[in-house]
Amino acid sequence: MRYWLRRITRWLLILMVALTALLIAFRIRYNQVIMDLAKTQVVNSTSDLINDAVAQQIANENIQYDRIVYFEKDINGKITALKTNIGEVNRIKTDTLNVINDAIMDIDYTDMGIPLGSLFLPEVLSGRGPQIPIKILSIRNSDGYFESSFTQAGINQTLHQVHMFVLVDVAVLVLGRTMVFTVESDVVVAETIIVGDVPDTFFQTGGNYGS
Numbered sequence: 001m002r003y004w005l006r007r008i009t010r011w012l013l014i015l016m017v018a019l020t021a022l023l024i025a026f027r028i029r030y031n032q033v034i035m036d037l038a039k040t041q042v043v044n045s046t047s048d049l050i051n052d053a054v055a056q057q058i059a060n061e062n063i064q065y066d067r068i069v070y071f072e073k074d075i076n077g078k079i080t081a082l083k084t085n086i087g088e089v090n091r092i093k094t095d096t097l098n099v100i101n102d103a104i105m106d107i108d109y110t111d112m113g114i115p116l117g118s119l120f121l122p123e124v125l126s127g128r129g130p131q132i133p134i135k136i137l138s139i140r141n142s143d144g145y146f147e148s149s150f151t152q153a154g155i156n157q158t159l160h161q162v163h164m165f166v167l168v169d170v171a172v173l174v175l176g177r178t179m180v181f182t183v184e185s186d187v188v189v190a191e192t193i194i195v196g197d198v199p200d201t202f203f204q205t206g207g208n209y210g211s
């Protein structure tokens with residue numbers, strides 16, 4: 001009896017050592033891949049949240065181009081300057097970040113995880129199998145700022161877009177390791193087509209604004 005007990009105990013110890021070795025080897029081999037996949041999931045989910053929040057503000061007409069930027073023209077109707085309504089920019093920033101912050105508080109990350117199939121046979125089993133859980137330790141709105149971009153849109157036409165960049169700080173826990181990073185999302189909040197030359201005055205007085 002004692003012989004079988006010692007033998008069972010020996011095999012259990014061997015099994016535990018083998019499992020521990022496999023776990024260590026697994027973490028060494030796939031640690032960076034797992035962290036990259038976890039970060040990608042969180043970045044994608046947070047970016048979608050930000051895009052939805054800004055789209056909601058636009059749909060509710062809380063963001064309008066002609067409230068953000070206004071033109072100065074000469075007596076012939078030619079645009080001589082583009083100027084930014086800083087008060088409106090600050091209002092949009094505050095309101096939009098509040099909406100994003102509320103959405104962050106309500107987001108559900110309980111279903112997030114990395115399927116083992118995405119590690120071992122991603123070509124065949126991507127998104128399948130038991131999941132390695134991703135625990136969100138904290139996620140909070142950080143800041144936002146605005147930038148303008150100008151692109152050619154046709155003969156004597158320029159597309160002017162106002163971008164809002166939103167920064168969100170995230171801390172996640174995966175396989176006992178904590179990872180902290182910032183998600184930056186770029187969303188076009190307003191745009192218009194400018195017919196004629198774009199005056200240099202805008203570039204000198206406010207091409208980037210609102211940090």
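If you use the working numbering, the sequence shown corresponds to residues 1 to 211, in order. For glycine and all other residues, C-beta sits at the position ideal for the given N, C-alpha and C. Just so we're clear, the structure is a prediction, and the values are computed from it rather than from any experiment.
Start and end residues, alpha helix (DSSP H) containing residue i
i    : result
D66  : 65-68
I100 : 86-106
Endpoints, the beta strand (DSSP E) within which residue i is located
i    : result
E191 : 177-195
P133 : 131-133
I114 : 113-115
D169 : 157-174
Identity of the residue in the options nearest residue i by Cα
i    : options                : result
N51  : M164, M105, T182       : M164
Q56  : V99, N76, T46          : V99
I139 : Y65, E184, P115        : E184
G176 : V162, S148, D197, I132 : I132
P94  : F71, N62, T182         : Strictly speaking, residue 94 in this sequence is Thr, with Pro absent from that position. Out of F71, N62, T182, N62 has the C-alpha closest to the C-alpha of T94.
V42  : I194, V180, D74        : V180
S148 : N101, I68, P130, M112  : I68
Residue i beta carbon near the ligand COA (any heavy atom closer than 7 Å)
i    : result
T158 : The ligand COA is not part of this structure, which contains no ligands at all.
Pairwise C-alpha distance: residue j and residue i
i    : j    : result
T40  : V33  : 11 Å
T192 : D36  : 38 Å
Q152 : T80  : 19 Å
K78  : L173 : 57 Å
G87  : I114 : 44 Å
V168 : D143 : 7 Å
Q161 : V187 : 10 Å
T158 : A103 : 35 Å
S211 : N90  : Low confidence applies here, because S211 scores a pLDDT of 42, under 50, leaving its location unreliable; read the following figure in that light. Taking the straight line joining both Cα atoms gives about 9 Å.
G196 : I155 : 9 Å
T84  : A171 : 35 Å
I107 : K73  : 46 Å
Y70  : I194 : 12 Å
K135 : L49  : 18 Å
A190 : L137 : 34 Å
Q64  : F146 : 14 Å
A59  : F150 : 24 Å
N101 : D66  : 26 Å
T112 : L82  : Sequence check: residue 112 is Met here, not Thr. The alpha-carbon atoms of M112 and L82 are separated by roughly 45 Å.
Contact with chain B by residue i, beta-carbon distance below 8 Å
i   : result
I75 : Although the question refers to chain B, the structure presented lacks it and comprises just one protein chain.
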